[in-house]
Amino acid sequence: MLMPKKTKFRKVQKGRLKGLSKGARTVYFGEYGLEAVEPSRVSAQQIEAMRVTLSRHLKKVGASFLRVFPDKPVTKKPAETRMGKGKGNPEIWVAAVKRGRIVCEVSGVEEAYARKILKLAGYKLPMKTRVVKKGEESVNLKGQELTSEREITTI
Numbered sequence: 596m597l598m599p600k601k602t603k604f605r606k607v608q609k610g611r612l613k614g615l616s617k618g619a620r621t622v623y624f625g626e627y628g629l630e631a632v633e634p635s636r637v638s639a640q641q642i643e644a645m646r647v648t649l650s651r652h653l654k655k656v657g658a659s660f661l662r663v664f665p666d667k668p669v670t671k672k673p674a675e676t677r678m679g680k681g682k683g684n685p686e687i688w689v690a691a692v693k694r695g696r697i698v699c700e701v702s703g704v705e706e707a708y709a710r711k712i713l714k715l716a717g718y719k720l721p722m723k724t725r726v727v728k729k730g731e732e733s734v735n736l737k738g739q740e741l742t743s744e745r746e747i748t749t750i
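Each number in our numbering corresponds to the 1-based position in the sequence shown with 595 added.
In structure tokens form, the structure reads like this:
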């Protein structure tokens, strides 16, 4: 499973997932990407399941790129424990994914097959996703929904 080698703090606060993703909003490494339509916390197990699905279907033809990493620990208290006595121990690692983030990318395959593979990978995630082509990501600028980055420069 994915997890950081070391962290500055063992436990972190929950945080909020409102708003748009700050980074990773465009398809950068591949030709097609899987964009998050709604916010969610994606666990290391879910990322691994998505990676296995991508590598199994791509075989040696194309390449896949993961754009999320589980860097946030989630704590849980043991079963049948009374209230109090502090925060529980870190149990799982999650990645906080906001709207608009590209979760993974593929390259080296034709469009129909890439869309099929990314759709299968999207089933492994706990959020709604959509397949986007390079240059056709949704970029929100001051409340306006734009279809590509090229339109931003013309405004």
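Even for Gly, the Cβ is constructed at its ideal location relative to N, Cα and C.
Quick caveat: nothing in here was measured; it's all calculated off a predicted structure.
Residues near residue i by beta carbon distance below 8 Å, same chain, minus five either side
i      : result
LYS667 : VAL607, GLY610, ARG636, TRP688, VAL689, ALA690, ALA691
Closest by C-alpha distance to residue i, when choosing among the options
i      : options                        : result
ILE697 : GLU686, LYS655, GLY625         : GLY625
PHE695 : MET722, PRO665, VAL656         : Correcting the residue identity first, residue 695 is Gly in this sequence and not Phe. Looking at the Cα atoms, MET722 is the closest of the given residues.
LYS714 : GLU705, VAL726, ALA619         : VAL726
SER616 : VAL632, LYS603, ARG605         : VAL632
GLY614 : ALA644, LYS711, GLN641, LYS693 : LYS693
Classification of residue i by the beta-carbon crowding that lies within 10 angstroms, buried from 16 upward
i      : result
LEU720 : buried
LYS601 : exposed
GLU686 : exposed
Residues near residue i in its chain [Cβ-Cβ closer than 6 Å; skip 5 each side]
i      : result
ALA709 : TYR627, VAL701
LYS729 : VAL622, GLU626
PRO599 : ASP666
GLY717 : LEU629, THR724
ALA619 : ARG662, ARG696, ILE697
Cβ-based neighbour list, residue i, same chain, cut-off 7 Å, excluding 5 preceding and 5 following
i      : result
PHE664 : LEU597, ALA690
Chain D within 8 Å of residue i, Cβ atoms only
i      : result
ARG662 : Here chain D cannot be found, since the structure has a single protein chain.
Beta-ladder partner(s) of residue i, from DSSP
i      : result
THR724 : ALA631
Any chance you could list the alpha helix (DSSP H) runs of at least 4 consecutive residues sitting entirely within the stretch 611-685, in chain order?
639-653
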